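If you count the sequence shown from 1, you need to add 2 to reach the working numbering.
Below: one structure, written as C-alpha cells.
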Amino acid sequence: MYSLEDTHQVPSLIQVFNTLTRSKEEFVPLDGKNVRVYACGPTVYDYPHIGNARSFVVFDTMRRYLEYSGYRVHFITNFTDVDDKMIARAHDEGTTVAELAAKFIAEYQKIAKELNLKPANANPRATEHIDDMIDMIKRIVENGMGYVVDGNVYFDVSAFAAYGNLSKMPVDQMTAEARIEPDENKQDPRDFALWKAEKPGEPSWDSPWGKGRPGWHAECSAMSRHYLGVPFDIHGGGQDLIFPHHENEIAQTASAYSIETPVKYWLHNGFLTINKEKMSKSLGNFFTAREVLDHYNHQAVRLFLISAQYRQPLDYNPEALNQATQSLERLRNALDVLEGRLSLIEKGGAKPAPADSKLAEAVRKARDEFEREMNDDFNTPGALAEVFTLVKSVNTYASKVGKASALREARSALLELMGVLGIDLEKKAAGGASESDELLKQVVNLLLQIREEARKSKNYALSDRVRKGLADLGITVSDTKDGPTWKTE
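See the structure below:
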C-alpha cells in the first residue's frame, strides 16, 4: 500500500489544523515547494448564498498565503453539475440539467470575479469525468469493497476498517444520519451509492452495470485524483462536508487505489450564521451572495468574510458589513496619506527626519507579525490587526517623514499584505463608488489649493472656513512644513 512516507517533504513555519487528526500540525507538503489543493466547489442548482462565498474566499486566501510564502500551488475546485438536487430543480423549472448548470456556473464565475478569487488551475465539471468515475468504481468493486444490486453500485462500509476516522462519529450516529436517505438495496444503512441505475427523465451514461449516473461522493474522488493524483496535500470544504461527503471520499479513494491516506491535510471552514444559527438554503435563513454583493462594496464583503478565523463561525449582520466598509476606507485613506506625502517629498524640500526610522520599524514589525499570525493556521483576523497597527503608524508618522524610501516601503507593505488577503487597495470600488472616490480626492485637493492661496494672501477667514467645512464633513486637514495632508475619519 502506498504511504505518505514515499514523498519528498520539506518543513515549513506554517501550522494548519488537520480535521483528520483534530490537531495543529506543521505544514509539510508532499513534494517540496509544490502544493496540491482541492476545494469542493458548488453544486450548481441555485444561486450561491453568502455562506458558500465564505468557503470560496477562505480557500482562495489560503492559496494566496501559500504562494506568498514561496510555494507553487496547483489549485482545483469543481462544479457538481449532476446530482439529485439538480435533477429536481431542473424538473421544477421545466429545463434541462445542463441548462441549469450553465446558468449557475455563469453566476459563480461572476461572483468569483467580484470577490477577487484567483482563477483555479482547473474548474472540472462532474459530467466531464464520468469515465474517471466509472474506472474508480470498477476498481472498488474488483477490490471487494463494493457490491451491485439491480444496476446500482454501493460502497460496503463494513469492509473499510478506517471508516469514521475523519468525522470521529460513533457508528450509531453515522447510521442515524445515513437513514435520512434510506435505500432498501443497502446491506448496511451506512453504505452509500457509487453508481445509481437509470431512472426515467434523468441524465444517464453507459457503464458496466447498465445506464445510470454517478453518486455525488464518487465525483470529487475521481476529479481530485485526475488533476492532482494521490496522495495530495490539502482537501478543503465547509464543516458540513466532513460527514458524509469527505468521509466517503476517503473510503472510495483509499479502496480504489490502495492508499492508506489519500489526503494529508483536511481543512474545513466554519459556518456563516445568521442570528447565531447556521445559514442554509434548507432552513430558508440565507442571503444570496448576489444580494450582498449588489448592496455592499465587493472588497468590503471579502474583508468581512475573512474577519473571523476560518474555522470559527461568523455571524452575518449589516453592522458587520458596515464595519468592514469603514475598515476598507481606513486602509485606503492610509494609502492616500502615504501617496500625498510622497508627492510632496518628491517635489523637494523635505529632509531626513526621526520619523523615517520609526515608520520603517513599523513596516518591518507589521510584516513579521502578519506572517506570524498567518502561519498560525491562516489567522486572518490576527493578520488584519497587524495591518491596522501599521495604518495607525502611517497616520502618526507619515506627515513627519522626510525620506521617500520610507514612504514607499510602507506603501508597498500595505498593498502587498492586503493583496495576500485578496484585497486590492488600488482597485476602484464597485458599483460606481470608484468614480465618487476619485471625485472626492479631486475636490478636496482643489479646496486645499484654494485654502493655501488664501493663507498666502492672508485671507485667514477663508482659510479657516475651508478647514472647518472639511472637518464638518469628516475630513481632517493636517498642516506640515511641506504642505497640507488630509484623511477621512
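Idealized CB from N, CA, C, for every residue including glycine.
None of the values given here were measured: they were computed from a predicted structure.
Query                                                                                                                             : Result
Same chain, Cβ closer than 6 Å to Asn80, five either side skipped, listed in chain order                                          : Gly43, Pro126 and Met225
Beta-carbon separation (whole angstroms), Glu116 vs Leu295, contact threshold 8 Å                                                 : 5 Å
Selection from Thr490, Thr290, Ala322 and Met171 that minimises the alpha carbon distance to Val446                               : Thr490
Continuous beta strand (DSSP E) stretch holding Ile113: start and end                                                             : Here Ile113 belongs to no beta strand (DSSP E); instead the alpha helix (DSSP H) covers Val99 to Glu116.
Proximity to Pro31 [Cα-Cα], best of Arg457, Leu409 and His76                                                                      : His76
Pairwise C-alpha distance: Arg215 and Val150                                                                                      : 14 Å
Check whether Tyr67 and Val37 have beta carbons under 8 Å apart                                                                   : no
Close beta carbons around Ala103, own chain, < 6 Å, minus the five adjacent residues each side                                    : Val46 and Asp83
Segment limits, beta strand (DSSP E) that includes Arg24                                                                          : From DSSP, Arg24 is part of no beta strand (DSSP E); its letter is neither H nor E.
When Gly153, Asp242 and Gly239 are compared against Gly217, the one with the closest alpha-carbon                                 : Gly153
Beta-carbon proximity list for Tyr4, same chain, < 8 Å, skipping 5 on both sides                                                  : Residue confidence is low: Tyr4 scores 44 on pLDDT, short of 50, so the model does not pin down where it sits. Its coordinate-derived value is still stated next. Excluding sequence neighbours, Tyr4 sits near Val232, Pro233, Tyr259, Ser260, Ile261 and Glu262.
Meets three-Cβ-pair contact criterion under 8 Å: the segment 45 to 62 and the segment 106 to 125                                  : yes
Buried/exposed call for Tyr462, threshold 16 Cβ in 10 Å                                                                           : exposed
Contact under 8 Å by Cβ, Thr97 with Phe380                                                                                        : no
Contacts around Asn316, its chain only, beta-carbon distance under 6 Å, and the 5 residues preceding and following it disregarded : A small fix is needed here, since residue 316 is Leu in this sequence, not Asn. Same-chain partners within the cutoff: Leu274 and Ala310.
Whole alpha helix (DSSP H) elements within the segment 186 to 255, 4-residue minimum                                              : 218 to 230
The beta strand (DSSP E) enclosing Tyr298, as first and last residue numbers                                                      : Tyr298 -> no beta strand (DSSP E), and no H or E assigned at all.
Beta-bridge partners of Arg343, as assigned by DSSP                                                                               : Answer is none; Arg343 lacks a bridge partner.
Segment limits, beta strand (DSSP E) that includes His93                                                                          : From DSSP, His93 is part of no beta strand (DSSP E) but of the alpha helix (DSSP H) over Asp86 to Glu95.
Where Asp14 falls: helix, strand or coil (DSSP)                                                                                   : With the sequence shown as reference, residue 14 is identified as Ser, and Asp is not the correct amino acid for it. Here Ser14 sits in coil by DSSP.
Per-residue DSSP class, three states only, for Val403                                                                             : coil
Reduced DSSP secondary structure (H/G/I, E/B, other) of Pro50                                                                     : coil
Candidates Tyr165, Phe288, Glu186 and Lys470, of which the one nearest His247 by Cα                                               : Tyr165
C-beta contact flag for Ala253 and Val339 at 8 Å                                                                                  : no
In DSSP terms, what Gly148 is bridged to                                                                                          : Phe157
Straight-line Cα distance separating Ile132 from Val422                                                                           : 36 Å
Rounded separation between Ala161 and Gly148 - CA only                                                                            : 9 Å
Whole-number beta carbon distance between Tyr49 and Arg2, since they are thought to touch under 8 Å                               : Outside the shown range of the chain, which is 3 to 491, sits residue 2, and nothing can be said about it.
Beta-carbon separation (whole angstroms), Phe289 vs His51, contact threshold 8 Å                                                  : 6 Å
Ala122, enclosing alpha helix (DSSP H) - first and last residue                                                                   : Segment: none, Ala122 is in no alpha helix (DSSP H) and carries neither H nor E.
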